[in-house]
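J.: This structure is in structure tokens; I'll ask about it shortly.
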Amino acid sequence: MVSYSENYRGIQAAEDIKKGETVFSMPMSMLMTYEKATEEPLGQLMYEKNMHKRLKSHKIDFLASWTLYEMSEKRRETSFWKLHMDALPTDVSEFPIFFGEEDKKWLEGTQMKNTIENVLEITKGDYELLCSEIPEWN
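Oh and the sequence shown: position 32 is 602 in the numbering used here, straight run, nothing missing.
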């Protein structure tokens, strides 16, 4: 792994990689998946309340919601995912969804600006739904 800056890192090969060669593998138990989210207590509650059908982007928002809950301070220290969460970037200002108004001006006239606005609108609605339906979320 190479750090290019504080919040930008990547993986580089030290030698040539042959076609078809496995260079990395991970057991399924180490992946955050929709299925794993539905096995956790909050995921089960979300599933029972049909959040998997009611959230605007269904599986993606369900998994994202569960992940955000796992990242919250009240869960972080005891979470199975603590090491993963600790490795995530702390500054996400370079992600277009978090751009301020000044940076968004650079996107005027592009589909990206519309996409960001749509994602923010959907996310806000899903967040409000989660807060109203699941007390543990607050």
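For every residue, glycine included, the Cβ atom is placed at its ideal position computed from N, Cα and C.
Predicted model, so just to flag it, every value in this text is computed and none were measured.
Please classify Gly580: does DSSP put it in a helix, a strand, or coil?
T.: strand
J.: Need the endpoints of the alpha helix (DSSP H) that Ser514 sits in, please.
T.: For the chain, the structure presents residues 571 to 708; residue 514 sits outside this window and is missing.
J.: Starting from Lys619, follow the alpha helix (DSSP H) in both directions and report where the run begins and ends.
T.: Premise fails: Lys619 is in no alpha helix (DSSP H) and is neither H nor E.
J.: Name the two residues that bound the continuous alpha helix (DSSP H) containing Met655.
T.: 652 to 657
J.: Is it buried or exposed for Thr608, if we count other Cβ within 10 angstroms and need 16 for buried?
T.: buried
J.: State the Cα-Cα distance for the pair Val689 and Asp656, rounded to the nearest angstrom.
T.: 25 Å
J.: Do Ile704 and Met616 have their C-beta atoms within less than 9 Å of each other?
T.: yes
J.: Have a look at Ala584 and Leu653 and give me their C-alpha separation to the nearest angstrom.
T.: Going by the C-alpha atoms only, they are around 25 Å apart.
J.: Closest by CA to Ile692, which one among Leu677, Asn620, Arg645, Ile667?
T.: Shortest Cα-Cα distance from Ile692 to any of Leu677, Asn620, Arg645, Ile667 involves Ile667.
J.: Determine the extent of the alpha helix (DSSP H) in which Lys589 is found, giving its start and end residues.
T.: Per DSSP, Lys589 belongs to no alpha helix (DSSP H) and is neither H nor E.
J.: For Glu605, is the classification buried or exposed, using 16 other Cβ atoms within 10 angstroms of its Cβ as the cut-off for buried?
T.: Under this definition Glu605 is an exposed residue.
J.: Might you give, ordered along the chain, the residues of its own chain that have their beta carbon closer than 7 Å to the beta carbon of Thr637, omitting 5 neighbours on each side?
T.: Met602
J.: List the endpoints of the continuous alpha helix (DSSP H) containing Glu706.
T.: That residue, Glu706, is in no alpha helix (DSSP H); it is neither H nor E in DSSP.
J.: Leu699 and Arg624: beta carbons closer than 9 Å?
T.: yes
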